[in-house]
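S.K.: First, the structure itself, so that you have it in front of you.
Residue numbers (our numbering): 1299 to 1539.
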């Protein structure tokens, strides 16, 4: 599959603006433009509450990507710098609940709010970008429980089984039910909100190596800063009648 990617800033960005639809997109099902923003956060996996900072990496939207071969697969990624576990250190579980505000626009310049499409979640599951190192017998589960305004919910899981290691650089992984579960639409056309709870676990014997985290940098001035384990939530649209 061919993907087009829109990268966002590395630090403190809580709102993501989509690339506007081009003139040759007339056969695709998508609004002229749209945006995602973090409207609420809670939990030990996001203690910064999404506050923007020029010095510290925060819980934030990072980048979006989509296919360009008419398969209509879209992802937006969120980075959680505090979303990490270390079994040997006794830190085997963390979580964050995030609410995303979605806005649809009727024009490519984002001046007029639209209401001609209904956002759908999850058609192609969830993706994660993490670093990891697990010895034999250790397992990690990364759960993503989606909730939309009418009470519907479903949970994706990314499972990592030891022995395995990503090496220095983060790897992109897919949830175990990708492509199986039907998409969940928001309750109404146009703009809206949805919530998901992200939980990361490590299971094994006391003292075993079981680390799931993200790439990081260390400087004398800022200390160690984690880029953030990234969750990629999948979405697409259906045309409203």
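The beta carbon of each residue, even a glycine, is placed where N, CA and C say it ideally should be.
Please look up how many angstroms separate the CB atoms of residue 1473 and residue 1526, rounded, as I've assumed it's under 8 angstroms.
M.R.: Position 175 of the chain shown, counted from the first residue, corresponds to residue 1473. Position 228 of the chain shown, counted from the first residue, corresponds to residue 1526. Not a contact, Cβ separation roughly 18 angstroms.
S.K.: When the distance is taken between beta carbons, is residue 1400 closer than 7 angstroms to residue 1530?
M.R.: Indexing the chain shown from 1 puts residue 1530 at position 232. Indexing the chain shown from 1 puts residue 1400 at position 102. Not closer than 7 angstroms, so no.
S.K.: Whole-angstrom Cβ separation of residue 1528 and residue 1494, contact assumed at under 8 angstroms?
M.R.: Counted from its first residue, the chain shown places residue 1528 at position 230. Counted from its first residue, the chain shown places residue 1494 at position 196. Not quite, the Cβ-Cβ distance comes to about 14 angstroms (not below 8 angstroms), so this is no contact.
S.K.: Please go through the same chain and pick out, in chain order, the residues whose beta-carbon is closer than 6 angstroms to the beta-carbon of residue 1435, but skip the five residues on each side of it.
M.R.: By 1-based counting over the chain shown, the position of residue 1435 is 137. Taken in chain order, the residues that qualify are 1502.
S.K.: Which of the three DSSP states is assigned to residue 1386 in this structure?
M.R.: Translated into positions along the chain shown, residue 1386 becomes position 88. If DSSP states are grouped into helix, strand and coil, residue 1386 belongs with the helices.
S.K.: Give me, in chain order, the residues of the same chain whose beta-carbon lies closer than 8 angstroms to that of residue 1455; leave out the 5 immediate sequence neighbours on both sides.
M.R.: Here residue 1455 is taken as the residue at index 157 of the chain shown, counted from 1. So the qualifying residues of the chain are 1439, 1440, 1441, 1442, 1473, 1474, 1475.
S.K.: Measuring CA to CA, which of 1492, 1510, 1485, 1396 is closest to residue 1437?
M.R.: Numbered from 1 along the chain shown, position 139 holds the residue referred to as residue 1437. Comparing Cα-Cα distances from residue 1437 to each of 1492, 1510, 1485, 1396, the minimum goes to 1510.
S.K.: Tell me the rounded alpha-carbon separation between residue 1347 and residue 1358.
M.R.: Start at 1 with the first residue of the chain shown, and residue 1347 comes out as number 49. Start at 1 with the first residue of the chain shown, and residue 1358 comes out as number 60. Approximately 10 angstroms, taken between the alpha carbons.
S.K.: Helix, strand or coil for residue 1404, going by three-state DSSP, please let me know.
M.R.: Within the chain shown, the letter at position 106 stands for residue 1404. Residue 1404 falls in the coil class under three-state DSSP.
S.K.: Give a yes or no on whether the C-beta atoms belonging to residue 1416 and residue 1329 are separated by under 7 angstroms.
M.R.: Translated into positions along the chain shown, residue 1416 becomes position 118. Translated into positions along the chain shown, residue 1329 becomes position 31. Between residue 1416 and residue 1329, the C-beta gap is not smaller than 7 angstroms, which leaves the two residues out of contact.
S.K.: In or out: residue 1467 buried (at least 16 other Cβ within 10 Å) or exposed?
M.R.: Indexing the chain shown from 1 puts residue 1467 at position 169. Result: exposed.
S.K.: Compare the C-alpha of residue 1374 against each of 1480, 1407, 1420 and name the closest.
M.R.: Residue numbering aside, residue 1374 sits at position 76 when the chain shown is read from its first letter. Among 1480, 1407, 1420, the Cα nearest to that of residue 1374 belongs to 1420.
S.K.: Taking 7 angstroms as the cut-off, decide whether the C-beta atoms of residue 1385 and residue 1426 are in contact.
M.R.: As a first step, residue 1385 is located in the chain shown; it is residue number 87 there, counting from the start. As a first step, residue 1426 is located in the chain shown; it is residue number 128 there, counting from the start. Their beta carbons are not under 7 angstroms apart, which means residue 1385 does not touch residue 1426 by this criterion.
S.K.: Is residue 1528 near the ligand GDP, in the sense that its beta carbon is under 6 angstroms from a heavy atom of that ligand?
M.R.: With respect to the ligand GDP, the structure offers nothing, as it holds no ligand at all.
S.K.: For a test of the three-state rule: what should DSSP assign to residue 1524, helix, strand or coil?
M.R.: The residue given as residue 1524 occupies position 226 in the chain shown. DSSP places residue 1524 in strand when its eight states are reduced to three.
S.K.: Taking the C-alpha atoms as reference points, what is the distance between residue 1395 and residue 1499?
M.R.: By one-based count along the chain shown, residue 1395 stands at place 97. By one-based count along the chain shown, residue 1499 stands at place 201. The alpha-carbon atoms of residue 1395 and residue 1499 are separated by roughly 15 angstroms.
S.K.: Suppose the cutoff is 6 angstroms on Cβ atoms and the five residues either side in sequence are ignored; what does the same chain contact list for residue 1342 look like?
M.R.: Along the chain shown, read from residue 1 onward, the residue named residue 1342 stands at position 44. Excluding residues within five positions, the ones whose Cβ falls inside 6 angstroms are 1392.
S.K.: In the structure shown, what three-state DSSP assignment does residue 1394 receive?
M.R.: Counting from 1 along the chain shown, the entry for residue 1394 is found at position 96. Three-state result, residue 1394: strand.
S.K.: Within a Cβ cutoff of 8 angstroms, which residues of the same chain sit near residue 1535, ignoring the five residues on either side of it in sequence?
M.R.: As a first step, residue 1535 must be located in the chain shown, where it is residue number 237. Cβ neighbours of residue 1535 beyond the five flanking positions: 1327, 1328, 1329, 1415, 1416, 1417, 1418.
S.K.: Taking the beta strand (DSSP E) that residue 1422 falls in, what are its first and last residues?
M.R.: As a working mapping, residue 1422 is identified with position 124 in the chain shown. Counting along the chain, the beta strand (DSSP E) containing residue 1422 begins and ends at 1415-1432.
S.K.: Please report whether the beta-carbon of residue 1419 lies at a distance below 7 angstroms from any beta-carbon of chain C.
M.R.: Structure shown: chain C not included; a single protein chain is present.
S.K.: Please go through the same chain and pick out, in chain order, the residues whose beta-carbon is closer than 6 angstroms to the beta-carbon of residue 1497, but skip the five residues on each side of it.
M.R.: Taking the first residue of the chain shown as position 1, residue 1497 is located at position 199. Cβ neighbours of residue 1497 beyond the five flanking positions: 1393, 1441.
S.K.: With distances taken between CB atoms, is the gap from residue 1523 to residue 1355 smaller than 7 angstroms?
M.R.: In the chain shown, the residue the question calls residue 1523 occupies position 225. In the chain shown, the residue the question calls residue 1355 occupies position 57. The answer is yes: Cβ separation under 7 angstroms.
S.K.: If you measure between the beta carbons of residue 1413 and residue 1488, is that distance less than 7 angstroms?
M.R.: Position 115 of the chain shown holds residue 1413. Position 190 of the chain shown holds residue 1488. Taking 7 angstroms as the Cβ cut-off, residue 1413 and residue 1488 qualify as a contacting pair.
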